[in-house]
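Inspection log for the structure reproduced underneath, given as structure tokens.
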Amino acid sequence: MNLKISALDFVQQVQNGDISAEDFVAETIQRIQKIDDDLHAFLSVNDDAINQAKSIDKKIKSGEKVGACFGMPISIKDNMCIKNSKTTCASKMLENFVAPYDATVISKLKQQDAIFIGKVNMDEFAMGLTTEFSAYGPSKNPWNPEYVPGGSSGGSAVSVSAFECVASLGSDTGGSVRNPASFCSVVGYKPTYGLISRYGLISYANSIEQIGPLTRTVKDTAFMLNMIAGLDSNDNTTIDNKNEDYLSGIDSGIEGKKIGIITEMIGDGIDSTVLSATKDAISKLEGLGATCEEVSLDMVKYSVAAYYTITATEAGSNLARYDNLRYGYEFPVEGYEFNSYISKARQKFGPEVTRRMIIGGFVPSAGHAGKYFLKAMKVKSKLIKEINEAFKKFDLLIAPTVPVLPFKLGEKINDPVSLFLIDINTVTANLTGKPAISVPFAISNGLPIGMQLFANSNEDKLLLQAACALESTVKLPEVPI
Amino acid sequence: MVTEKEIEHVSKLMKIDVDDHTEYVDKVQKMINYFDILDSAGVESEEISMPEISLESLRKDEHVAFDDKLIEKLNHYKGTYVRAPKMSS
Amino acid sequence: MTKIGLEIHCQLTHLKSKLFCSCKANYREFEINENICPVCMGLPGSLPRLNQEAVKKATIIAMALNCSTPEKIAFFRKNYFYPDLPKNFQITQLNIYGDTSVGGSGSIMVGDKKIRITRIQLEEDPGRLIYEGSSSKNQITLVDYNRAGTPLVEIVTEPDFESPKQVREFLNILSDLLENLGVSDPSLEGAMRADANVSIEGGNKVEVKNIGSFHDLEKAAHFEITRQNSLHSRDIEIVQETRHWDDKRKITVSSRSKEEDLDYRYFLEGDIPWVTMNDGIVDELKSEMPESINSKKERYISKYTIPVQVSEVLSSDKYYSDLFEQSHNESNAKEIANIITTDLMGLVDTREKRDKSKMTSKHLSDLADSIQSGKISRNSSKNALHEIVKTGKELSQIISELDLGNVSDESELAGIISEVISAEPQAVEQAKSNPQTINYLVGKVMQKTKGKADPTKTLDLLKKQLT
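In structure tokens form, the structure reads like this:
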């Protein structure tokens, strides 16, 4: 059985009766058992998956109506709630938390007969970009297990890249889908803010983050988006996409499109191989009939500082609910006074989460909000203006997803500020709410490089068309595992 | 420059006891100091903007009970209470 | 000079669901922690879903208090840790980026005094704490979250009150107003709570929190003024602090809260976009607003010539004015106003009695019509009303069962009059010479009929028989 197929191929082969969902799922689980001790993409595996696949096969045989996924095994980042299963956010704080409800994306995929093969690893509460901050140990990059897979949706990227599932859902607060997608050579997508419901996604920085698919191909991303996008009464921030079909016309090409190259994202600190890959991408896009020229977004220089100020503030508030009273781990309240109990209970947070929450208490506090939080919000506003201005002239923007190549585990974990700067090319999409996608573009010395495209708000379909065109220009080697 | 005392104050505000004090303060200081770059962004006159929603598209006022006995899935005490530590007076 | 400012928390008790989820707004009917869901419990991944009607009701309150209403409504997070707060922040409103709370500045007259309203905000109520254990060692706190997320409107006033008496007058007007608007039932336990800021002689401001009823608010203000005066007279400085109202001992107690607990780190709630309030909506709400108490009063006086005092009583109590509106017509309005304000008030003066009462508006109009047509005397109508409230039976049935109807049959009445005339020859002679004394004979007829003879008819027949 070939596990190395795209989502669309899987659906077609099951539909045609070439393969059964049960066989595919069983083989996938075997592969997870075989290779995941080394890669550590999964935090938990669904032990009912094979049964679920059986019942979908039965439905197919009896001619019943079957959902669009036909039993496709999908991995889910462990910050999305699946009813009656553990959702840990890769934190000891939620080690025993069993979600009593389904996230909207989960109920939508259930209706389409998807199989959730397991919950995958991440940086604790999605704070990080290497997956090294998981309380349950880091994931490894399948291209070279000495290297980080990126993050925070590291487990999602690893599981798709290493054929431990067909597709995955991650979440992207400042690049958390696109960054690991780039490091693991898969497609990673951050939609327009509000396109996918966040109901059931455990918040880190709710005003800018989105759930996004990680897949093997751009078409698979469009296929996933068709199932999970759209207005949701459970999330007041969702937007009406009028049931857009993102797959139809995805091969339209990009002839005549104007593409802006973001100057601030190919400047200081960019790795030379990443820069030459970017130049290569630009000439390939021009070869497809697009015109490319540089455009400056001045606020990008301040975007990382603004991003960390805003995310820390929201995280400080979003994570305040973890006080161990209504749910959590065994730690009796007797003999404690409220404040001392809470402060002790919250020691279960890992060091990075603790640091960011302290920052999140500091930057919006009465004496400091003016210097930090308010300025960060204003940088965000001005960045939105700048990018809107750019989209008056350009249909799309381009920049490498990450300015550097994947690095080794442990290499940067102790230098928070140098880690900050790796986010410089991804946070803009989150701060401005624009859609952005990372497409596998090159392999340099066995390490992947992803190329990033941006479009204006609600131009997700155009963005996927462009990404599909870019994808068609490259033929990359298979992951060596 | 953020002082150690300020960081200690905030850790109390955020209700987290910190064990590895020195390393921890050092990192937080570095991170916050990096934010000083915001001072040179020249954005004082910018207005803060947010997405909008019309009143009519908000939820209608209807009572729908949750489909499960939720308290049974949470930490509970004496049947149905949630238990908290004693409050300081 | 005494200055008092108020922060009044009023639950929107007439809503069906909570502010951010579909659990019931009326949490009072549930067993402990049965009116909860992932949203009001702040479970990981849950998001607030703003109740449209709550925004409307809060806007109506703002308009009734002459407050400005904004084009866009924004919500903020107030961050602090407390076990009754499932998310450890409260979603509330604030005006730090322009006027974005449901109501901006406004005012209301209390007698001749203008009380300025600072703002009106919509926010969520926390859960409820119950303290358990006697010795401080084994003490724990129990939490019931049924109330968490109940829609609450906070009305913040400027420090314009000069005495507890003014505070009470304001509260009376405010609770009548809220009830009349159909947004809240002030008589429900816990539906109205308040904090008060009190200062004297330009001294430091003391905030008194946790006052559970309007009744106690006046007392708390009074206690705090006395306490501050006594300190002031001994030249002791009044500390700026937060004090709690001790409900049992009826005193205020310093709450010794530490500085670090007071940094709420307000910032915008990203889960709720700014709600746009176009002119159309505001106009629509204005047109749907119930008639104000003042306008009702004026109408009762001018249209039906109901006396001022009666009109005042009738208009200020929504229960009475609703009854009046539903039962009256041009000809019986005055009679109905009279029945409500003289006889009915004693029978349904509490919430429980009102809930139990079986009376409908039809009963009232029947009763008024029967009095006006002479079917029942005013005297007997009181007994009939009592029976109506108790049993809800038809008026005609009650009249016949309790034999309350007037003796209206002329021959029957004439017979009784003949009896009286033959029994009272002296009085008859007197009446013939001095018609003023005829009332004595009328009284005798009334005695014999137990008050059921129609006085006018009796007089007519008596005169006829005496001539």
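Chains as they are written, first to last, in my numbering: chain A, 1 to 481; chain B, 1001 to 1089; chain C, 2001 to 2467. Even glycine gets a Cβ: it sits at the ideal position worked out from N, Cα and C. Only a predicted model underlies this, so the values are computations on that prediction, with no experimental measurement involved.
Using 8 Å for Cβ pairs, my map puts residue i next to residue j. What's the rounded Cβ distance?
| i | j | result |
| --- | --- | --- |
| V417 (chain A) | M1031 (chain B) | 7 Å |
| T2100 (chain C) | Q2093 (chain C) | 7 Å |
| S438 (chain A) | S182 (chain A) | 5 Å |
| F10 (chain A) | V186 (chain A) | In fact, because the Cβ distance is near 15 Å, the residues do not count as touching under 8 Å. |
| L43 (chain A) | Y101 (chain A) | Not confirmed; about 20 Å, so no contact. |
| I76 (chain A) | I481 (chain A) | With a Cβ gap of about 22 Å, I76 (chain A) and I481 (chain A) do not count as contacting. |
| A2148 (chain C) | H2009 (chain C) | Not a contact, Cβ separation roughly 14 Å. |
| L405 (chain A) | K412 (chain A) | With a Cβ gap of about 12 Å, L405 (chain A) and K412 (chain A) do not count as contacting. |
| V2039 (chain C) | I1053 (chain B) | The Cβ separation is near 17 Å, so there is no contact. |
| S303 (chain A) | L383 (chain A) | 6 Å |
Grab me the residues of residue i's own chain with a C-beta within less than 6 Å of its C-beta, minus the 5 sequence neighbours each way, in chain order.
| i | result |
| --- | --- |
| I202 (chain A) | N79 and C89 |
| T238 (chain A) | G194, S197, L231 and D232 |
| H1076 (chain B) | none |
| I1071 (chain B) | T1080 |
| D172 (chain A) | K190, Q210 and G212 |
| S2199 (chain C) | K2003 and K2205 |
Which term fits residue i, buried or exposed, when burial requires 16 or more other beta carbons within 10 angstroms of its beta carbon?
| i | result |
| --- | --- |
| G2098 (chain C) | exposed |
| G2106 (chain C) | buried |
| R2243 (chain C) | buried |
| K393 (chain A) | exposed |
| L2262 (chain C) | exposed |
| M2001 (chain C) | exposed |
| H40 (chain A) | buried |
| A2054 (chain C) | buried |
| E64 (chain A) | exposed |
| L476 (chain A) | exposed |
| V1043 (chain B) | buried |
| V2253 (chain C) | exposed |
| D1019 (chain B) | exposed |
| K2057 (chain C) | buried |
| N206 (chain A) | buried |
| Q111 (chain A) | exposed |
Looking only at its chain, what residues have a beta carbon closer than 7 Å to the beta carbon of residue i, apart from the 5 residues adjacent to it on each side?
| i | result |
| --- | --- |
| P2083 (chain C) | L2129, T2141 and V2143 |
| L2177 (chain C) | A2064 and I2293 |
| T215 (chain A) | A7, V160, A167, V186, V187, T221 and M224 |
| K2297 (chain C) | S2311, E2312 and S2315 |
| K2078 (chain C) | F2089, Q2090, T2092, Y2264 and Y2266 |
List the endpoints of the continuous beta strand (DSSP E) containing residue i.
| i | result |
| --- | --- |
| Y189 (chain A) | V187 to K190 |
| F2089 (chain C) | F2089 to T2092 |
| G212 (chain A) | Q210 to T215 |
| F42 (chain A) | F42 to V45 |
What residues in its chain sit with their C-beta under 8 Å from that of residue i, if we drop five residues either side in the sequence?
| i | result |
| --- | --- |
| V490 (chain A) | It is not possible to answer for residue 490 (chain A), since the shown part of chain A is limited to 1 through 481. |
| S2255 (chain C) | K2209, E2241, T2242, R2243 and H2244 |
| E2260 (chain C) | Any reading at E2260 (chain C) needs caution, since the residue's pLDDT is 48, under 50, leaving its predicted position unreliable; the model's value is listed next. Correct list: empty, nothing qualifies. |
| D1017 (chain B) | S1011 |
If you follow the alpha helix (DSSP H) that residue i is part of, which residue opens it and which one closes it?
| i | result |
| --- | --- |
| L2459 (chain C) | P2455 to L2466 |
| R2243 (chain C) | Counting along the chain, R2243 (chain C) falls outside any alpha helix (DSSP H), though it belongs to the beta strand (DSSP E) covering E2241 to D2246. |
| C2010 (chain C) | Per DSSP, C2010 (chain C) belongs to no alpha helix (DSSP H); it is in the beta strand (DSSP E), T2002 to Q2011. |
| N318 (chain A) | V300 to N318 |
| A2058 (chain C) | Q2052 to A2064 |
Consider the C-beta atom of residue i and the heavy atoms of the ligand MG; say whether any pair is separated by less than 7 Å.
| i | result |
| --- | --- |
| D235 (chain A) | Annotation note on the ligand MG: not contained in the displayed structure, which lists no ligands. |
For this session: With 8 Å as the C-beta to C-beta threshold (strictly closer), list the residues of the region 84 to 108 of chain A near chain C in chain order.
Result: T87, C89, L94, F97, A99, P100, Y101 and A103
Problem set entry | Chain-ordered residues of the region 2269 to 2303 of chain C with a beta carbon less than 7 Å from chain B | P2273, W2274, V2275, T2276, M2277 and I2281
For this session: Could you run through the region 1023 to 1034 of chain B and flag, in chain order, every residue whose CB is less than 8 Å away from some CB of chain A?
Result: Y1024, K1027, V1028, K1030, M1031, I1032 and Y1034
For this session: Give, in chain order, every residue of the region 359 to 372 of chain A whose Cβ lies closer than 8 Å to some Cβ of chain B.
Result: I359, G360, G361, F362, V363, S365, K371 and Y372
For this session: Would you list, in chain order, the members of the region 2136 to 2150 of chain C that have their beta-carbon closer than 8 Å to a beta-carbon of chain B?
Result: S2136, Q2139, I2140, T2141, L2142, V2143, D2144 and Y2145
Problem set entry | Within 7 Å of chain C by C-beta, residues of the region 1048 to 1060 of chain B in sequence order | I1048, M1050, P1051, E1052, I1053, S1054, L1055, L1058, R1059 and K1060
Exercise. Got a sec: which bits of the region 326 to 354 of chain A sit with their beta carbon under 8 Å from any beta carbon on chain C, in order along the chain?
Worked result: R326, Y327, V333, E334, G335, F338, N339 and I342
Problem set entry | Selection of the region 2041 to 2056 of chain C by Cβ proximity to chain B, strictly under 9 Å | M2041, L2043, R2049, L2050, N2051, Q2052, E2053, A2054, V2055 and K2056
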